[in-house]
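Scroll down for the structure; my scribbles are underneath it.
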Amino acid sequence: MKKLPTSAWIMLSLLIGAVLIILLVLTSNNKILSNVKLPVEITEFFDYQCSHCAEFSKVMREIEDEYGDNIDIQYKNFPFINDNSFALAYGAEAAREQGKFLEYHHLTFEIFNQVLEGTADISAMDPVEIATQLGLDLEKFETDRASDEVKARVTADYNLGNTMGVTGTPSVFIGGQLIDLGEVDTTTGQITYDKFRNTVSRLVDLAIQNEQNSQTE
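Residue numbers (the working numbering): 1008 to 1224.
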């Protein structure tokens, strides 16, 4: 029997490998689709000094407003850019101690977007200044953000991100699967996040359908 040349075997192996990868991705996606339920859990890893995270925060606000209780967003600290990344992350967890994590989170990115647009100075990215604007108890805030408990929570978020394969921010997971957020508009050079919006919309619709089906069974 005539043997295939080495180059043919290499091409065949590459083809089989590509097919297996495609099947693995499809299987993972199907698992998300078949198991999705309300509220749809979305986990974002972010850095408060990340300009892409600041831009993406606008999209997350839209998602929060549009889907409300149909989604459950978990924001996870993944500070790595500079020292202020850590300072702001500790501030966020200290704000959580006063029930103001989400307000702190949104305000921090609002200010950063203003910095990026040139309407605010970078000095405004200060945890105490942000806490002051939110009307937090500053003495408690300062104590909490220096505490081992708060620092341990930030470290736990970061370690979780590493375990899940986070290599940059923003990184978003749904059902444990890393989600493709968007693509670069070749005309403007800006990242568009329509892919992410469409994914969330599709999964929420499917989760609602799955819940309705379970109630009729």
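Virtual Cβ for every residue (Gly too), placed ideally from N, Cα, C.
The structure presented is a predicted model; accordingly, all values stated were derived computationally and were not measured.
The DSSP assignment places complete alpha helix (DSSP H) segments of no fewer than 4 residues inside the region 1136-1190 at 1145-1152, 1155-1171, in order along the chain.
For D1079, the enclosing beta strand (DSSP E) covers residues 1078-1084.
Assignment of T1050 by DSSP, reduced to helix, strand and coil, places it in the strand class. In this structure, P1086 places its C-beta atom within 8 Å of the C-beta atom of V1161. Around the beta carbon of T1170, a 10 Å sphere encloses fewer than 16 other beta carbons of the protein chains shown; the residue is thus reported as exposed. Per the coordinates, the alpha-carbon of L1145 lies some 25 Å from the alpha-carbon of A1163. Each residue's CA atom was taken as its position, placing Q1121 and A1127 some 5 Å apart.
By the neighbour-count definition (other C-beta atoms within 10 Å, threshold 16), K1083 is a buried residue. In its chain, beyond the 5 residues on either side, F1063, P1177, V1179, I1198, Y1200, K1202, F1203 have a beta carbon closer than 8 Å to the beta carbon of L1188. Under the three-state reduction of DSSP output, I1088 falls in the coil class, being neither helix nor strand.
Bridge partners of I1198 according to DSSP: V1191.
Per DSSP, the unbroken alpha helix (DSSP H) holding D1072 starts and ends at 1058-1074. Cα atoms of T1195 and S1092: separation of roughly 29 Å, rounded to the nearest angstrom. Taking C-beta separations shorter than 7 Å and ignoring five residues to either side along the sequence, the partners of V1173 in its chain run F1052, F1085, following chain order.
DSSP, read as helix, strand or coil, puts Y1055 in coil. Contact check for I1088 against D1054 passes: the beta carbons are separated by less than 8 Å. When T1050, V1157, H1059, D1076 are compared, the shortest CA-CA separation from E1190 is found for H1059.
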